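Asks:
Protein chains: 2
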Amino acid sequence: MTKKTRRLVTIHDVAKASGVSVSTISRVLNQKSDVAEETQQRVLEVIQQLGYSSNLAARSMRSSRTYMIGLIVPDVEYAYSLEVLKGVNHAIATSDYDLLIYTTGSFQKQDTAVHEQQYVSRLNGTVTDGVIVVTPSARSFSSTAPIVSIDPHVIVENYPTVYVDHYQGAVEAVRYLVELGHRRIAYITGRSGMQNSERYRAYCDVLAEAGIPYDPDLVHEGDYSIDCGTVGARVLLALPDRPTAIFAANDQTAIGVSEAVEQLGVRIPDDLSLIGFDNIPEARFYQLTSVDHPLMQMGMMAVELLIKAIEGQTIEETITKIPTRLVVRKSCQALAENVKSL
Amino acid sequence: MTKKTRRLVTIHDVAKASGVSVSTISRVLNQKSDVAEETQQRVLEVIQQLGYSSNLAARSMRSSRTYMIGLIVPDVEYAYSLEVLKGVNHAIATSDYDLLIYTTGSFQKQDTAVHEQQYVSRLNGTVTDGVIVVTPSARSFSSTAPIVSIDPHVIVENYPTVYVDHYQGAVEAVRYLVELGHRRIAYITGRSGMQNSERYRAYCDVLAEAGIPYDPDLVHEGDYSIDCGTVGARVLLALPDRPTAIFAANDQTAIGVSEAVEQLGVRIPDDLSLIGFDNIPEARFYQLTSVDHPLMQMGMMAVELLIKAIEGQTIEETITKIPTRLVVRKSCQALAENVKSL
DNA sequence: TTGAAAGCGCTAACAG
DNA sequence: CTGTTAGCGCTTTCAA
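This is the structure:
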C-alpha cells in the first residue's frame, strides 16, 4: 500500500518562493481585486513555475463556491446513463462549471436510498456547488447545496426533477404491439417504484382499451437487468399459451430477452415481437446522437436548473417532464439484428 | 448566489448525540478494532438516525486512503471518451473502489498540458488514491499518488501507459483505401503530437509502398474537431485535382467531412471514400459494445494497472499496447448513412 | 477503551 | 495592499 509520503506543492511553498504570505496567494488564486499588479505577476509566475494547483479537498472545505457540479450516477457504462451523461456534458461544456461525476460503477454495488443520501453529503456542501442525482430511489435528500434529480424511481419531495413520461412512453410501446395484431403481450417489469408503476398502468390501460383480458401470468417481475430478461423470456415462453410479444422495462432487459430467445430457436421479429422501453434507436452510430434526444435533453435541462439554483434564482418546485419518443419499429429490429451479430 | 448557510450534520453532531468524543466516532467510521462493542453499536445507530456521512473533502485531507479512483477526461460526450469510460466503469464495478470523474466538458475549455497537471494535483494526493488521465498532452506529472495514462498525445515519461497502436491502425485504414483503387488519398490530421505523427508516418509509408507520390496539398491540418473536417473537406474538394478518398484523424473529423461533402453534392461512398480513425463500428447499438473493443479494453486495463500501483505492487515502466481493429468498410457506410439521416 | 489536541491546505475575517 | 489568525471536518498521535 502506497503511502502518501510527501505532499505536493502547497500554497505555503508558493508563498515562501514568492516572498509573500499565503493569504496573498489565496487572493491571487481567487482573483480578488485587491492585489498589487506587480505582486500578482510575480505570484502567477511562481505558481506556473512550481506547477502548483490548489488542492480540491482543502479549497472545498473553506470556500462556499467551487464551480463544480456533481453528478451522482449508478454507472457510466450502459446506454441510459451514457445518454444522460452526454446531455450533462453538453450543458457543462458551455458553462463556467466543471463536472465531477461520482459512481460506484454498478447499481448493484450499494445503491440503496440510504447510500444515495451518503453520496450526496459526501459531495454536496463542500466539494460541489450543487448535485444532480440520476434515477434516485431516495424520496428526499438533506443537503445544504441545491439538488436536481433526473428520472427518479420515486416521487421526489423537495427537489426539482426532470423526468421521462413513463406512462406515455409505455402506452406508445404497448399500443404498437397491439396494432401489430398481438393479443398475448407479456410485460417484464422493472424494479418497483414510480417509473415502473406508471408503465404498468399504461400496460393495463392499453390492454383494456383494446379489449384484451389481463393475464397475470404474462407479467414477469424484473429489475432492469439483462439477467431478468433472460429468465423472464424463458419463463414466459414455457407458458402453455405463450406470448407473441414482449414489452421489456428497458433495453437491458430487452437484450436479455433477445439472448434467451435466440437459444430457444425463437426468432425476432418473426416469431416474437420485442420492445424495450429506453430505446435509443438513433444511437446506431452514437456520437451522432442529436441533442434532441430525450435522454440528452434531461441531462441538459438538469444542469440548467441546477445552475439557476446555485446562482440564487429561487427554484420553485419545478417539475420538467420530457415526453419519450419511442421509435419502436427501428429499435426492435436493430436489437434483433445486433444480438444475432454478437 | 446561494450561501452555504448551515452545514450538514458533522462528526461533532454525532459525537454530541452519542455522548462520546469525535475521535471515537472516527474510529467507528474507519472500522478500527479498538472500540467497545457497545459504544460502536450506539454510535452506528446515531449515525444511521442522523443520516450522517463523512465529508469527502475533509476526510480526504487527513487520511491516506479514500478508495476513490480519479479519471481525468476531456469530455464525457463523444464516442471516444464514452468508450473508454465504459471500460473504466466495467473494471471499477467489480473493484473495491469508487470512481470520480473530472471533466471540463470540452477539451477546448482549457485543456493544455499545464491544466492537466492542475487537474491531477487537484485530485490526486488527497481526494483520490490514484488517477487515470485520458489522452494527456503533458509529458510528465508530479503527483504523490500513482498515475496511469491512456492513449497520450505525447510519449509519457514517468508513468505507465495504455495506448492504441496508431501506426498499425492508420496503416490498415490507408491500405484499405489503396486496395479500393484510390490514388488520390487525402489526410486530415489531428493535433500535432505522438498519435498524429504515428498516423502520419503510416500514411506516408503506405503511399510509398503503393508507389503513390506524396502530395502535400492532400494533407490538411486538423485538430480532431468536427469543424476541421468540414473545412478540410471544402478545401480538399476545391483542389484542381481533387482527392477520391479522405482519411480523417478521428470520427469527429470524419463526421465534419460527411457534412461538408453532402452539401457539395458529393456522395459517400460513391464519389468519395471516407475513413475515420477511431472507428467504433460495433457500437451501432451501443450498449451492446463488447468488452473486446480496444477502447474499452484500454479503460479496463488502466484501472487494473492503477489499482496494482495503489496497492503497492511496484509498477515497472509498463507500456501496454492495444492494437486497433478498424472495420473500415462498415464504419464508412454507417457514417455516411447516418449523416444523411440527420 | 477513550479523549484532547494537533494539524491536513486552504479561505476569510480582521488588523495593520 | 498585505500579513496574522482562526477555523472548515476530519484523522491520528499521545496520554489518560
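These protein sequences, in sequence, are chains A and B.
Under the working numbering, read the first sequence as residues 126 to 467, first letter to last.
Under the working numbering, read the second sequence as residues 126 to 467, first letter to last.
Every residue, glycine too, gets a C-beta built ideally from N, C-alpha and C.
Nothing here was measured: the structure is a model prediction, and the numbers come from that model.
Would G176 of chain B pass as an interface residue toward chain A - the criterion being a Cβ-Cβ separation below 7 Å?
Replies: It does; some Cβ of chain A falls within 7 Å.
Asks: Which residues does DSSP pair with T228 of chain A in a beta bridge?
Replies: BP columns for T228 of chain A point to B:L224.
Asks: The beta strand (DSSP E) spanning V153 of chain B covers which residue range?
Replies: Looking at the DSSP string, V153 of chain B is not in any beta strand (DSSP E); the run it does join, the alpha helix (DSSP H), is V147 to L154.
Asks: Contact criterion: CB-CB distance below 7 Å. Does Y312 of chain B meet it with respect to chain A?
Replies: No - not a single Cβ of chain A is within 7 Å of the one on Y312 of chain B.
Asks: Rounded to whole angstroms, what is the Cα-Cα separation between P341 of chain A and D330 of chain A?
Replies: Cα to Cα, the separation comes out at about 14 Å.
Asks: Quick one: any contact between the region 333–349 of chain B and the region 369–384 of chain B, if contact means 3 or more CB pairs under 8 Å?
Replies: Enough Cβ pairs lie closer than 8 Å, so yes.
Asks: With 7 Å set as the bound, which would you pick, yes or no: does the beta-carbon of E202 of chain A sit closer than that to a beta-carbon of chain B?
Replies: So yes, E202 of chain A belongs to the interface.
Asks: Excluding sequence positions up to five away, which residues of its chain have a Cβ less than 7 Å from the Cβ of T251 of chain B?
Replies: Contacts found: S185 and M186.
Asks: Between the C-alpha atoms of Q320 of chain B and H278 of chain B, what's the straight-line distance to the nearest angstrom?
Replies: Going by the C-alpha atoms only, they are around 5 Å apart.
Asks: Of all Cβ atoms in chain A, is any one closer than 7 Å to the Cβ of I275 of chain B?
Replies: So no, I275 of chain B is outside the interface.
Asks: Say whether chain B places a C-beta atom closer than 7 Å to the C-beta of G381 of chain A.
Replies: G381 of chain A does not count as touching chain B.
Asks: Just to confirm, are A270 of chain A and G255 of chain A a CB contact at a threshold of 7 Å?
Replies: Closer than 7 Å, so yes.
Asks: Three-state secondary structure (DSSP) at L196 of chain A?
Replies: In the structure shown, L196 of chain A sits in a strand (DSSP, three-state: E or B).
Asks: May I have the straight-line CA-CA distance separating V153 of chain A from L224 of chain A, to the nearest angstrom?
Replies: About 23 Å.
Asks: Rounded to whole angstroms, what is the Cα-Cα separation between E282 of chain A and S322 of chain A?
Replies: When rounded, the distance between both Cα atoms is 18 Å.
Asks: Does DSSP put V273 of chain B in a helix, a strand or coil?
Replies: It is a strand residue.
Asks: Counting pairs of beta carbons, one from the region 195–207 of chain B and one from the region 168–178 of chain B, are three or more of them closer than 8 Å?
Replies: Contact fails: fewer than three Cβ-Cβ distances are below 8 Å.
Asks: Pick out the complete alpha helix (DSSP H) segments inside the region 239–307 of chain B, 4 residues or longer, and give them in chain order.
Replies: Taking only runs of at least 4 residues, the alpha helix (DSSP H) segments lying wholly in the region 239–307 of chain B are 291–304.
Asks: Based on Cα-Cα distance, which residue from A:L399, A:R316, A:A142 and A:I272 lies nearest to R300 of chain A?
Replies: Minimum Cα distance to R300 of chain A is reached at A:L399.
Asks: Report all residues from its chain with a CB closer than 8 Å to the CB of V134 of chain B; omit the five preceding and five following residues, and keep chain order.
Replies: The answer, listed in chain order, is L175, G176 and Y177.
Asks: Y192 of chain B versus chain A: which residues are under 7 Å apart at the beta carbon?
Replies: Under the 7 Å cutoff, chain A gives no residues; its nearest Cβ is about 10 Å from Y192 of chain B.
Asks: Give a yes or no on whether 7 Å exceeds the smallest Cβ distance from I226 of chain B to chain A.
Replies: So yes, I226 of chain B belongs to the interface.
Asks: Excluding the five sequence neighbours on either side, which residues of its own chain have a C-beta within less than 8 Å of the C-beta of L169 of chain A, listed in chain order?
Replies: Closer than 8 Å at the Cβ level, and outside the excluded window around L169 of chain A, lie V153.
Asks: List the endpoints of the continuous beta strand (DSSP E) containing L399 of chain B.
Replies: First-last of the beta strand (DSSP E) with L399 of chain B: S398 to G401.
Asks: So who's on the other strand from H345 of chain B, going by DSSP bridges?
Replies: Note: H345 of chain B sits in a beta bridge opposite B:I313.
Asks: T378 of chain A touches chain B at which residues, Cβ-Cβ below 7 Å?
Replies: Correct list: empty, because the minimum Cβ distance to chain B is about 11 Å.
Asks: Quick check on the DSSP output: the beta strand (DSSP E) that includes A373 of chain B runs from which residue to which?
Replies: Unbroken beta strand (DSSP E) run through A373 of chain B: A370 to A373.
Asks: Between the region 138–156 of chain A and the region 141–160 of chain B, can you find at least three pairs of beta-carbon atoms closer than 8 Å?
Replies: Result no; under three Cβ-Cβ pairs closer than 8 Å.
Asks: Quick one: Cα of L207 of chain A to Cα of T286 of chain A, how far?
Replies: Whole-angstrom Cα-Cα distance: 19 Å.
Asks: Rounded to the nearest angstrom, what separates V245 of chain A and I197 of chain A at their Cα positions?
Replies: The straight-line gap from Cα to Cα measures roughly 8 Å.
Asks: Would you mind reading off the limits of the alpha helix (DSSP H) that contains D352 of chain B?
Replies: D352 of chain B -> alpha helix (DSSP H) spans I351 to L362.
Asks: Please name the residue, chosen from A:L181, A:S179 and A:G144, that lies closest to E163 of chain A on a Cα-to-Cα basis.
Replies: Residue A:G144 is the option with its Cα nearest to E163 of chain A.
Asks: Give me the chain A residues within the contact set of Q243 of chain B, using Cβ-Cβ distance strictly less than 9 Å, ordered along the chain.
Replies: Within chain A, the residues near Q243 of chain B are G176, Y177, S178 and S179.
Asks: Within 10 Å of its beta-carbon, does K211 of chain B have 16 or more other beta-carbons around it, so buried, or fewer, so exposed?
Replies: By the 10 Å Cβ count, K211 of chain B comes out buried.
Asks: At a Cβ cut of 9 Å, what residues of the region 202–218 of chain B count as close to chain A, listed as they run along the chain?
Replies: From the region 202–218 of chain B, only E202, Y203, A204, Y205, S206, L207, L210, K211, G212, V213, N214, H215, A216, I217 and A218 have a Cβ closer than 9 Å to chain A.
Asks: Counting only the same chain and skipping the five closest in sequence on each side, list residues whose C-beta sits under 7 Å from that of G318 of chain B.
Replies: These residues qualify, in order along the chain: S262, H278 and V279.
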